[in-house]
Each structure stands twice: as C-alpha cells, then as structure tokens.
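**Student:**
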Amino acid sequence: LQEFPVPAMDAHKYKRGHVGVFSGGPSATGAARLSALAAARSGAGAVTVLSPGNAMQVNAMHLTSIMLREAGSLEEVQEFLMARHPGALVFGPGLGPKPKVGDFALQLIKALEEEARDEATANHASAMVLDADAITSLAHQPQAMFEAARQPNAPALIVTPHEGEFGRLFPDIAGDKTMSKLDKARTAAARANAVIVYKGADTVIAAPDGKAAINSNGAPWLATAGSGDVLSGIIAGLLAQGMPPFEGTCAAVWLHAETGSRFGPGLIAEDLPLALVPVLRDLFDARTAAQ
145 LQEFPVPAMD AHKYKRGHVG VFSGGPSATG AARLSALAAA RSGAGAVTVL SPGNAMQVNA
205 MHLTSIMLRE AGSLEEVQEF LMARHPGALV FGPGLGPKPK VGDFALQLIK ALEEEARDEA
265 TANHASAMVL DADAITSLAH QPQAMFEAAR QPNAPALIVT PHEGEFGRLF PDIAGDKTMS
325 KLDKARTAAA RANAVIVYKG ADTVIAAPDG KAAINSNGAP WLATAGSGDV LSGIIAGLLA
385 QGMPPFEGTC AAVWLHAETG SRFGPGLIAE DLPLALVPVL RDLFDARTAA Q
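Under this note's numbering, the first residue of the sequence shown is numbered 145, with each subsequent residue one higher.
(1) With distances taken Cα to Cα, identify the nearest neighbour of Gln-222 among Ile-349, Gly-319, Phe-248.
(2) Which residues bound the beta strand (DSSP E) around His-162?
(3) On the DSSP letters alone, give me the boundaries of the beta strand (DSSP E) that Thr-192 sits inside.
(4) Relative to the C-alpha of Asn-359, which residue among Ala-175, Ala-430, Cys-394, Ser-217 is closest?
(5) Would you list the one or two residues that DSSP bridges to Tyr-342?
(6) Determine whether the beta carbon atoms of Ala-384 and His-162 lie at a separation below 8 Å.
(7) Is it buried or exposed for Met-226, if we count other Cβ within 10 angstroms and need 16 for buried?
(8) Let me check understanding here. Comparing Cα to Cα, which of Arg-185, Ser-186, Gly-187, Pro-170 lies closest to Leu-194?
(9) Taking Cβ positions, are Gly-485 and Ile-412 nearer each other than 8 Å?
(10) Do you know whose CA, among Gly-354, Ile-210, Gly-308, Leu-252, lies nearest Gly-377's CA?
(11) Within its chain, find whatever has a CB closer than 8 Å to the CB of Asp-415; leave out the 5 residues flanking it on each side and keep chain order.
(12) DSSP on Val-273, reduced to helix/strand/coil?
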C-alpha cells in the first residue's frame with residue numbers, strides 16, 4: 145500500500161507519468177485503446193496511442209483525453225521517445241502475430257536502451273510491457289529478447305503470457321511436468337530477465353531475482369476478450385508513475401482482479417477502466433487512514 149503512487153499537490157500531467165501504447169492497423173485498433181484507457185484510469189497523467197498512418201483516422205474518431213501520434217516507423221517512435229520520455233510502453237495488443245512485430249519489439253528495446261544511455265535522459269528509465277501478439281511474435285527468436293533484456297541500460301520488461309503464449313515462448317519450461325506453475329514462472333523470469341505474469345485463475349507474478357506472488361482474488365468474469373489488454377494498461381500506468389516493476393505489476397494484477405470481482409456478471413473489457421475508479425478510491429482512502 146505504501147508503494148502505491150499518490151500525486152503531489154503541485155504535480156502536472158507529465159510528473160504523473162506518460163504511457164505510450166502501440167496500435168494495430170485500421171481493423172485492429174481497439175486493443176490499444178483499451179490499454180490506453182486503463183493506463184489513464186490507473187493514474188498516468190498522459191497517455192499517447194502510437195498509431196500507424198493508416199489507422200490514425202480510426203483512432204482519432206474514438207479518442208478524447210488520450211493523445212494520438214503517428215508512429216509507423218522506428219524513426220517516428222524514436223522522435224516520440226526523445227520528445228516525451230515516456231515512463232512505460234505497451235507493445236503487442238492488436239499488432240498481429242507476425243515475425244516483423246517481434247523484430248520491431250527488439251528494435252524498440254534497443255532504442256529504449258540507447259535513450260537511457262543519454263545522460264540528459266538518465267532519469268527517464270522506461271519500462272516495457274510485452275503482451276499478446278508481441279509474445280507470439282517473439283517465439284521464433286526468444287533468445288534475442290532474453291539477450292536484449294540483459295543489456296545494462298535495457299528497459300524493465302514485463303511479459304504477460306497466458307498458458308498458450310507461455311508455452312510458445314518457454315516450451316521446455318512449460319512441458320516440464322515436475323515443475324509447479326510458480327516454479328515455471330520463476331524459472332522463466334530468471335531466463336528472460338523480465339517480470340513474468342503467468343496469467344490464469346491463479347496468476348503468478350515472478351521477478352528475475354526470485355521474488356514471486358500468487359494472486360488470490362481472480363474472477364471468472366475476467367475471462368473475456370480484451371481483459372488482458374486492460375491489464376497491460378494498468379501495469380504500464382502504475383510503472384509510469386514510478387512503482388518498481390515487480391511491486392507495480394503485482395498491484396496491477398490485484399487491481400484488475402478486484403475490479404472484475406466487484407463488477408461481476410455481464411462484464412466486458414470496455415467496462416473495466418471506469419470500474420477501476422471505486423477500487424482505486426478505496427485504496428487511496430486506506431492509505432490515508434494508515435498515515
């Protein structure tokens with residue numbers, strides 16, 4: 145509870161953290177918008193959807209408080225990184241399970257590493273949430289991702305696979321019947337040098353240093369399309385506000401599950417960002433009471 149971000153009285157929007165969310169093409173933009181709204185509702189002061197040019201109009205029709213920027217090339221993304229220094233990025237939802245998506249993810253990790261090397265931006269250590277299609281797209285070259293994550297200035301990586309995606313990225317670990325889900329998540333986190341969110345009814349969060357947590361408030365109502373995109377946005381929103389990668393990810397998983405439990409039957413992913421508000425209010429009230 146003490147790690148949970150509370151904005152200072154003099155905070156402006158960029159002090160509250162900036163999240164960038166990558167959008168898919170014109171027929172696959174919804175996932176990014178779900179992530180973006182969740183990042184904003186979780187407290188990030190500014191959220192930008194990074195869209196390919198052919199999806200700009202579709203995204204513009206559906207976004208109001210969320211900013212929109214064309215970023216279909218690595219050069220355009222680098223311009224965004226240098227101009228805005230986002231605290232966290234979400235990469236994967238709606239991008240499609242294609243090898244070029246995995247290649248772009250690796251280029252993006254390298255770009256964040258290069259930005260962090262710049263003394264002028266050393267205080268803008270970025271985190272990157274890899275979800276959905278990004279995970280599948282990296283399955284043909286997982287070692288390249290693991291090596292990129294081990295570079296001295298690499299961003300903190302948070303990888304959020306469900307059971308099928310976990311098996312594609314870590315086939316040997318997934319197939320080891322002697323290991324528990326907790327052991328598998330810990331082994332994968334150490335190998336990847338990333339926080340692993342092994343999703344399911346008993347979601348396990350594991351860090352490279354061996355720390356791990358099992359989320360106990362999972363809700364069946366969250367088994368709906370787009371729910372994972374919302375979780376990625378909450379994670380990014382909390383990390384952009386300065387929460388440590390493991391603790392912020394654990395908090396996001398709990399918030400996501402608690403929101404689903406409270407909403408109950410009839411839940412769809414679009415409900416989650418707004419339904420997060422009363423859960424956050426209770427947390428802030430509890431923190432105030434504890435002080």
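Just so it is clear, CB atoms sit at the ideal spot from N, CA and C, and this is done for glycine as well.
Just so it is clear, the structure is predicted and the values come from calculations on it, not from any experiment.
**Tutor:** According to the data block:
(1) Checking every option, the nearest Cα to that of Gln-222 belongs to Phe-248.
(2) Its beta strand (DSSP E) spans residues 162-166.
(3) Unbroken beta strand (DSSP E) run through Thr-192: 190-195.
(4) Asn-359 has its Cα closest to that of Cys-394, out of Ala-175, Ala-430, Cys-394, Ser-217.
(5) Its beta-bridge partners are Val-348.
(6) Contact annotation: Ala-384 and His-162 have beta-carbon atoms nearer than 8 Å.
(7) Its Cβ having fewer than 16 others within 10 Å, Met-226 is exposed.
(8) The shortest C-alpha separation from Leu-194 is found at Pro-170.
(9) Given a span of 145 to 435 for the chain in the structure shown, any question on residue 485 remains unanswerable.
(10) The shortest C-alpha separation from Gly-377 is found at Ile-210.
(11) The answer, listed in chain order, is Phe-407.
(12) It is a strand residue.
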